[in-house]
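Encoded as structure tokens, the structure appears first; notes follow it.
Residue numbers (the working numbering): 189 to 274.
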């Protein structure tokens, strides 16, 4: 089957940030994804962003978006701050 249009998620950027976890400052990996509307497999325009954060110290992973777990508010603010660059 041939699709003319669709939605594609692309990694826009990834960076490390410091977060406060149990009284310690630990590194967290923040990833920013953009959802694109595509036409004939060519991304036309972005229409939303999704964020994910991974904390290796405690092996925690959170992400935003449809059908995902709720991200704590303090982590969401860190992700949005990182997402302003992309």
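Note that CB positions come from ideal geometry on N, CA and C, so glycine has one too.
| Check | Outcome |
| --- | --- |
| 8 Å Cβ cutoff met for residue 238 and residue 221 | yes |
| Best match in 247, 240, 207, 265 for proximity to residue 253 [C-alpha to C-alpha] | 240 |
| Exposure label - residue 216; buried when at least 16 CB within 10 Å | buried |
| Residue 218 CB to nearest heavy atom of the ligand GDP below 7 Å | Summarising the ligand content, the structure contains no ligands, and the ligand GDP is consequently not present. |
| Cross-strand partners of residue 201 (DSSP beta bridge) | 220 |
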